[in-house]
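Novice:
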Amino acid sequence: MNPKNFAKFILALGFMALFVVACDEEEEKVWGEVTTYFTIQDADNLSAPATVRFINGSKNAESYYWTFPGGRIVVNGQVTEDSTTTAIQPEGVFYAIPDEYSATLKVIADGKESIHTKQFTVVKPQPRILYEPTGIVYDDIVTFWVEYFQYADLMEQVTYAWDFGNGETSTEAMPQTSFNPPGEYTVTLELFDGVETLTASVNINVQAEIAKTLYITNALDQRLYKKMLYSGAIAPEEELPIGVGLHPLSVSVFQDRLIISVAGDNIRFSPTDTPPDGQIFTTNLQGGNRYTITSPSLLEQTYIDDPFVSTVDENGFVYWLDRFQGVRRIHYSEVNGQYPTPYVWAVAAEMAELLGVSSTYGWTDGTVRIVNNEIWYSKHGTGQGLYRFTLLGAFIGKIDNLYPLKIRTFEVDTQNQKIYFAVNNASGGYNPGLYVSEIDGSNIQLIDELANFSMQGGESERTYVTSIVVDSEGGYIYYPFRHQDDVNTSGEIIGDGSLSGVKRYKMDGSEEPGFFITGMIPYGIGIDHVKR
Numbered sequence: 001m002n003p004k005n006f007a008k009f010i011l012a013l014g015f016m017a018l019f020v021v022a023c024d025e026e027e028e029k030v031w032g033e034v035t036t037y038f039t040i041q042d043a044d045n046l047s048a049p050a051t052v053r054f055i056n057g058s059k060n061a062e063s064y065y066w067t068f069p070g071g072r073i074v075v076n077g078q079v080t081e082d083s084t085t086t087a088i089q090p091e092g093v094f095y096a097i098p099d100e101y102s103a104t105l106k107v108i109a110d111g112k113e114s115i116h117t118k119q120f121t122v123v124k125p126q127p128r129i130l131y132e133p134t135g136i137v138y139d140d141i142v143t144f145w146v147e148y149f150q151y152a153d154l155m156e157q158v159t160y161a162w163d164f165g166n167g168e169t170s171t172e173a174m175p176q177t178s179f180n181p182p183g184e185y186t187v188t189l190e191l192f193d194g195v196e197t198l199t200a201s202v203n204i205n206v207q208a209e210i211a212k213t214l215y216i217t218n219a220l221d222q223r224l225y226k227k228m229l230y231s232g233a234i235a236p237e238e239e240l241p242i243g244v245g246l247h248p249l250s251v252s253v254f255q256d257r258l259i260i261s262v263a264g265d266n267i268r269f270s271p272t273d274t275p276p277d278g279q280i281f282t283t284n285l286q287g288g289n290r291y292t293i294t295s296p297s298l299l300e301q302t303y304i305d306d307p308f309v310s311t312v313d314e315n316g317f318v319y320w321l322d323r324f325q326g327v328r329r330i331h332y333s334e335v336n337g338q339y340p341t342p343y344v345w346a347v348a349a350e351m352a353e354l355l356g357v358s359s360t361y362g363w364t365d366g367t368v369r370i371v372n373n374e375i376w377y378s379k380h381g382t383g384q385g386l387y388r389f390t391l392l393g394a395f396i397g398k399i400d401n402l403y404p405l406k407i408r409t410f411e412v413d414t415q416n417q418k419i420y421f422a423v424n425n426a427s428g429g430y431n432p433g434l435y436v437s438e439i440d441g442s443n444i445q446l447i448d449e450l451a452n453f454s455m456q457g458g459e460s461e462r463t464y465v466t467s468i469v470v471d472s473e474g475g476y477i478y479y480p481f482r483h484q485d486d487v488n489t490s491g492e493i494i495g496d497g498s499l500s501g502v503k504r505y506k507m508d509g510s511e512e513p514g515f516f517i518t519g520m521i522p523y524g525i526g527i528d529h530v531k532r
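Following my numbering, the numbering of the sequence shown begins with 1 at its first residue and continues without gaps.
So, in structure tokens, the structure goes:
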């Protein structure tokens, strides 16, 4: 191509490009029809004081002008003094008092204005009666007060007229009263808030007594029972709709959940390839919403891995033992979680070196508890002693005074600095029985010889006492008792439970140990320390 012609061609292309761009710019100024519209979030549910959100639905606008008479615009979470804004959509608008309000949005596009206004109401919330304690027992002193919208400049004009439904009335802002007899009461209030008179009422249930709850497993029917620990009366046992199997060795309570570890039907030493059949499961306190937290895998584990004694810490982690392999851990919220490997005392040779003994392999696991944010862990049968570890599994030390003893189970009373424990084989100069010591293991005292207790299992695996419950506030410890005429050495149920049940001991020593419940064959027992 001729160079001059090529230059003309390039110049023509450039002119065309400029023309196209110019056309595009002109087209950008051509606006569609302007629509001005906004909505109010939760417009039918605005209670003073309220931060109201306005949702801009306008189209084809260049600029926005909002006005909120009586409102104060919120910016970065802070209430300003402004009632107008040019934001596309304000963060929120604060209205301090109940009233009728309006909001207006003006938009401008291509020199034209469009305006949209909405009316809305911020209502006065209804007064709400509150009281403490929320669980009311007859003759309790109960404090009442009311939540209501307060006009800051009218507080001196506020009046109260309470009627408690028990024959008493009051004109105080925070009155106190009590109720007797137990039953349903209606408390009413007439409140003058400085502007108008409002009424409120609340129904309350006054109980005969709220109490802690003892949970008991029963091998006779493989069910779970509960018994309220009233201070002034003996409550009956109540069956819960929870099947627990033959050997539920532990029952723990975490918040509003029961956590139960089931060792399965076979808790005697058996051929090594015997499959597992245990599990750890949870239900709510009424026995509903049941799910399995974890259980041994039929493909990867054997009966040796079945969960025996367990406990739960304040964060919901479940710790448990099997026959001799150490402590495992999982969170209670896991559903069919993978069965974890032991992480405390997992290597017997390391523990043997720490303890200065030739071997700890096969030392029979006793009980695990969480004490002052430490893992405490006992051994019995082929082993001995009570040991302390960090929650991460690092060895802290042993309780020297208890080291010679074969401790099947134990419970620590941190309030009174005591250890309650069961020795299931003669050891360290002590015969089988239930004992108490100081928290350092000194001053060991016999509580109960546990005469005629079932000797289920051999010396190296004796099941014996599997739970001890400490109720420091109530002043008792509770423990399961299975008579030898109800359960034989093979673990077979041969009696009707009339000789078995739950025993208790007065912690100050003022009462001899005695039966609290009979007619059951319990393994695991537990307590809900929350009074309900």
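Cβ coordinates follow ideal geometry from the N, Cα and C atoms, glycine included. Computed from a prediction, not measured in an experiment: that's the story for all the values here.
Do T104 and S83 have their C-beta atoms closer together than 8 Å?
Specialist: No.
Novice: Taking N315 as the reference, give the member of Y291, G356, Q255 and V357 with the closest Cα.
Specialist: Minimum Cα distance to N315 is reached at Q255.
Novice: Which whole runs of the alpha helix (DSSP H) in the segment 306-333 are 4 residues long or more, in chain order?
Specialist: Here no run is fully enclosed.
Novice: Do you know offhand how far R408's Cα is from M174's?
Specialist: Between R408 and M174, the C-alpha separation is close to 53 Å.
Novice: Can you tell me which of S250, T177, N166 and V465 puts its alpha carbon nearest to the alpha carbon of T186?
Specialist: Of the listed residues, the one whose Cα sits closest to T186 is N166.
Novice: Closest to L189 by C-alpha separation, out of P236, F179, V347 and A200, would be which residue?
Specialist: Checked all of P236, F179, V347 and A200; the closest Cα to L189 is A200.
Novice: Does the distance from the C-beta atom of T39 to that of V74 stay below 8 Å?
Specialist: No; because the gap between Cβ atoms is not below 8 Å, this pair is not in contact.
Novice: For K59, which residues from the same chain have a beta carbon less than 6 Å from its beta carbon, with the 5 sequence-adjacent residues on both sides left out?
Specialist: Once the five neighbours on either side are set aside, the close Cβ partners of K59 are T35.
Novice: For E449, collect the residues of the same chain with a Cβ closer than 7 Å to its Cβ; drop the 5 residues on either side in sequence, then sort them by chain order.
Specialist: Excluding sequence neighbours, E449 sits near G433.
Novice: Whose CA, out of S63, G491 and G383, lies closest to the CA of D110?
Specialist: Comparing Cα-Cα distances from D110 to each of S63, G491 and G383, the minimum goes to S63.
Novice: Starting from the C-beta of E459, find all residues in its chain whose C-beta is less than 8 Å away, skip the five residues before and the five after it, and write them out in chain order.
Specialist: Closer than 8 Å at the Cβ level, and outside the excluded window around E459, lie G381 and N425.
Novice: Taking only the alpha-carbon atoms, compute the straight-line gap between V142 and F179 and give it to the nearest angstrom.
Specialist: Their Cα atoms are separated by approximately 8 Å.
Novice: Are there 16 or more other CB atoms within 10 angstroms of the CB of F533, so buried, or fewer, so exposed?
Specialist: Examination of residue 533 is not possible in this model, given that the chain is present from 1 through 532 alone.
Novice: Is F54 closer than 8 Å to P98 when the C-beta atoms are compared?
Specialist: No, the Cβ-Cβ distance between P98 and F54 is not below 8 Å.
Novice: Just list the residues that DSSP pairs Q279 with in beta bridges.
Specialist: Beta-bridge pairing links Q279 to V262.
Novice: Within 8 Å, do at least three Cβ pairs link the segment 503-518 to the segment 200-212?
Specialist: Short answer: they don't touch.
Novice: Helix or strand or just coil, what does DSSP make of L11?
Specialist: Note that L11 scores a pLDDT of 41, beneath 50, so its modelled location is shaky and nothing firm can be said.
Novice: Can you have a look at H247 and say buried or exposed, based on whether 16 or more other CB atoms are within 10 angstroms of its CB?
Specialist: H247 should be labelled buried.
Novice: Can you give the beta carbon distance from W563 to Y377, rounded, assuming they're within the 8 Å contact cut?
Specialist: Given that the chain is displayed from residue 1 to residue 532, the structure contains no residue 563 and the question cannot be resolved.
Novice: Would Q456 be called buried (16 or more neighbouring beta carbons within 10 Å of its own) or exposed?
Specialist: Per the 10 Å Cβ criterion, buried.
Novice: Grab me the residues of S359's own chain with a C-beta within less than 8 Å of its C-beta, minus the 5 sequence neighbours each way, in chain order.
Specialist: Excluding sequence neighbours, S359 sits near A348, A349 and A352.
Novice: Going by DSSP in three states, N203 sits in which element: helix, strand or coil?
Specialist: Strand.
Novice: Which two residues bound the contiguous alpha helix (DSSP H) that contains E353?
Specialist: Note, E353: alpha helix (DSSP H), A348 to L355.
Novice: Find out if the Cβ-Cβ distance for the pair V122, L46 is shorter than 8 Å.
Specialist: Yes, Cβ-Cβ distance for V122 and L46 is below 8 Å.
Novice: Between the Cα of Y420 and those of Y479, A43 and I521, spot the shortest distance and give me the residue it belongs to.
Specialist: Comparing Cα-Cα distances from Y420 to each of Y479, A43 and I521, the minimum goes to Y479.
Novice: Give the straight-line distance between the Cα atoms of I543 and K531, rounded to the nearest whole angstrom.
Specialist: Residue 543 lies beyond the range of the chain shown here (1 to 532); nothing can be said about it.
Novice: Residues in the same chain with beta-carbon distance under 6 Å from Y291, minus the five sequence neighbours each way, listed in chain order, please.
Specialist: Closer than 6 Å at the Cβ level, and outside the excluded window around Y291, lie V335.
Novice: Rounded to the nearest angstrom, what separates E28 and N56 at their Cα positions?
Specialist: Any reading at E28 must be qualified, since the residue scores a pLDDT of 45, below 50, and its modelled position is unreliable; the value itself is stated next. Cα-Cα distance, rounded: 23 Å.
Novice: Apply the 10 Å Cβ neighbour rule to E411 and answer buried if 16 or more other Cβ atoms are within range, or exposed otherwise.
Specialist: By the 10 Å Cβ count, E411 comes out buried.
Novice: Just the Cα atoms here: how many angstroms apart are I396 and G383?
Specialist: Answer to the nearest angstrom: the Cα atoms are 18 Å apart.
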